[in-house]
Amino acid sequence: MAVDSGLDRTGPGRKGPDRTVAAAGGAWPLLGHGPALYRRPLPFLQSLPAHGRLVRIRMGPRPVIVVCDPELTDRLLREDQVYDKGGPLFDKARESMGNGLVTCPHADHRRQRRLCQPAFHPARLAGYAQVMAEQIARLADGWRPGEPVDVMAALYGLTGRIAVQTMFGADLAQDVQTQALADLRTIVEGTYLRMLAPGWVNRLPTPGNRRYDLARTRLRASIGQIAADRRAQGADPSSAQDGAEPDDLLSALLAARDEASDPSDAPAASEDRLGDRPADRPADRLADRLADAEVVDQVLTFFMAGTETTASALAWALHLVAAHPEVEARLHKELDDVLGGRAPVPADVPALPYAARVFTETLRLYPPGWFFTRSTAVDCELAGVPLPAGTTVAYSPYLIHRLPTLYPHPDRFDPDRWDGPDGA
Numbered sequence: 001m002a003v004d005s006g007l008d009r010t011g012p013g014r015k016g017p018d019r020t021v022a023a024a025g026g027a028w029p030l031l032g033h034g035p036a037l038y039r040r041p042l043p044f045l046q047s048l049p050a051h052g053r054l055v056r057i058r059m060g061p062r063p064v065i066v067v068c069d070p071e072l073t074d075r076l077l078r079e080d081q082v083y084d085k086g087g088p089l090f091d092k093a094r095e096s097m098g099n100g101l102v103t104c105p106h107a108d109h110r111r112q113r114r115l116c117q118p119a120f121h122p123a124r125l126a127g128y129a130q131v132m133a134e135q136i137a138r139l140a141d142g143w144r145p146g147e148p149v150d151v152m153a154a155l156y157g158l159t160g161r162i163a164v165q166t167m168f169g170a171d172l173a174q175d176v177q178t179q180a181l182a183d184l185r186t187i188v189e190g191t192y193l194r195m196l197a198p199g200w201v202n203r204l205p206t207p208g209n210r211r212y213d214l215a216r217t218r219l220r221a222s223i224g225q226i227a228a229d230r231r232a233q234g235a236d237p238s239s240a241q242d243g244a245e246p247d248d249l250l251s252a253l254l255a256a257r258d259e260a261s262d263p264s265d266a267p268a269a270s271e272d273r274l275g276d277r278p279a280d281r282p283a284d285r286l287a288d289r290l291a292d293a294e295v296v297d298q299v300l301t302f303f304m305a306g307t308e309t310t311a312s313a314l315a316w317a318l319h320l321v322a323a324h325p326e327v328e329a330r331l332h333k334e335l336d337d338v339l340g341g342r343a344p345v346p347a348d349v350p351a352l353p354y355a356a357r358v359f360t361e362t363l364r365l366y367p368p369g370w371f372f373t374r375s376t377a378v379d380c381e382l383a384g385v386p387l388p389a390g391t392t393v394a395y396s397p398y399l400i401h402r403l404p405t406l407y408p409h410p411d412r413f414d415p416d417r418w419d420g421p422d423g424a
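If you use the UniProt record's numbering, the sequence shown corresponds to residues 1 to 424, in order.
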């Protein structure tokens, strides 16, 4: 076990935690552990608990404290006023996604959640579920027994079409959809690479950096234009003649009002035009609605969350079910007994406990989000280690989910480990 005796500093005269935290070996000059996190990220992360509950790595020149203990990880997630969204992952995600519900700091989260909540009212979820069922049926109808299928590509297309239709409605041109999905894939891949690389590498005029910058600019501008057109058409019910409720997520976000919010919750600056940032505007005009660029931030957030991560989770679920015939047989029986050949609706979910266990176990083994960073908002202490404000802390669901102390036979696919009130 290597222990670095140097000093990390988060400010003048501020000592970092590395005198008491074991450091992982194998760091490269300038790049730190970036090569390991790029080439073999999961084995590298799984090697860290052998060094202790807290382990120090470097992402580029930046020291990062990785939490390898489930109780400490739970504390990290619960105490979000102390361990706020920040660090390399969220810094780079904000470059492309903006300050949306997933990436926003603690101070912005409550207001954003209140404003986004109407878009996920149960009445709306039923409409979204209908779109999902229609798109799934369309995809399945094109599959033939014995024909090979690129499952990840097929499911990425599926979740992309569902995301586009539920967010924008059915009237988005096909070429716009295709370009948006291509740009999204470029952004997702680029965000992870940019998180690992030093800042100067991301500023080089390489083909990859140019593709990333173009995709980010183009996707944000495209969504901004769609939202501006929708607002001009009167998506806001307060300006609609018939008072009809918006039926897609974008319209619901444009129409969102938060009567309970305090003007002090509003951002100090907002945007005059959709997709642009920032232009000053009085806070009291912002507290009861999402500002223009906030709408774009939220759409980008839901677009990414509803496409890339969902497709990955579904692909792993199909892989695991196909590799375990006994699981497949039980799953088919439950679906046949409950649905009788019809498409499911949200009300069916409680009657499908085995399907829920299958998917929960899939997410345990292969979480789409497997590495996250946080930043300490104040001076604090974790496991007896003092962490100055501004310290980057990371955790890995993949690492925690495969700890044998938590999950016996952690590499085994066993949906029944989640059975009963004390499951898992």
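Yeah, the Cβ is synthetic: ideal placement off N, Cα and C, and Gly gets one too.
Excluding its 5 nearest sequence neighbours in each direction, residue 100 has C-beta neighbours in its own chain below 7 Å: 297, 298, 300, 301, listed in chain order.
Bounds of the beta strand (DSSP E) holding residue 394 are 392 to 395.
Judged by their CB atoms, residue 383 and residue 76 are not nearer to each other than the 7 Å cut-off.
Closest by C-alpha distance to residue 129, out of 418, 337, 306, is 306. Beta-bridge pairing by DSSP links residue 65 to 56, 393.
Under the DSSP assignment, residue 84 falls in the beta strand (DSSP E) whose first and last residues are 83 to 85.
The C-beta of residue 127 has fewer than 16 other C-beta atoms within 10 Å across all chains shown, which makes the residue exposed. Your pair residue 184 and residue 303 checks out as a contact, with CB atoms roughly 6 Å apart and the cut at 8 Å. If you check the CB distance, residue 93 and residue 57 do not come in under 7 Å. By the CB criterion at 7 Å, residue 115 and residue 290 fall inside the cutoff.
Exposed is the label assigned to residue 120, since fewer than 16 other Cβ atoms lie within 10 Å of its Cβ.
The beta carbon of residue 147 sits closer than 6 Å to no other beta carbon from its chain once the five residues preceding and following it are set aside.
Using a 10 angstroms sphere on the CB of residue 233, the tally of other CB atoms stays under 16, which defines it as exposed.
When C-beta atoms of the stretch 133 to 147 are compared with those of the stretch 316 to 326, fewer than three pairs fall below 8 Å, so the two segments do not count as touching. In this structure, residue 357 sits near residue 415, with a CB-CB distance shorter than 7 Å. Annotation: the continuous beta strand (DSSP E) that includes residue 380 extends over 380 to 382. Rounded to whole angstroms, the separation of the alpha carbons of residue 355 and residue 361 is 10 Å. Per DSSP, residue 360 is one residue of the alpha helix (DSSP H) stretching across 353 to 365.
Residue 366 and residue 403 have their C-alpha atoms roughly 14 Å apart.
Only residues of its own chain outside the window of five on either side were considered, and among them 131 have a CB closer than 6 Å to the CB of residue 165, listed in chain order. The C-alpha of residue 174 lies about 32 Å from the C-alpha of residue 348.
Note that the C-beta distance between residue 219 and residue 180 is below 7 Å. Here the stretch 150 to 165 lies against the stretch 308 to 317, with 3 or more beta-carbon pairs under 8 Å apart. Note that the C-beta distance between residue 373 and residue 389 is not below 7 Å.
In this structure residue 73 is in contact with residue 67, their Cβ atoms being roughly 5 Å apart against a cut-off of 8 Å. Secondary structure note for residue 376: its beta strand (DSSP E) is the uninterrupted segment 372 to 376. Around residue 188, the same chain offers 308 as residues with beta carbons nearer than 6 Å, after the five sequence neighbours per side are excluded. Shortest Cα-Cα distance from residue 229 to any of 209, 177, 251, 210 involves 251. Within the same chain, and ignoring the five residues on either side of residue 27 in sequence, the residues whose Cβ sits closer than 8 Å to its Cβ are 33, 57, 58. Between residue 91 and residue 105, the gap from beta carbon to beta carbon reaches 7 Å or more. Cβ contact annotation for residue 108 (same chain, cutoff 6 Å, sequence separation greater than five): none.
At the C-beta level, residue 253 and residue 295 come within 7 Å of one another. By the neighbour-count criterion, in which 16 or more other beta carbons inside 10 Å mark a residue as buried, residue 393 falls on the buried side.
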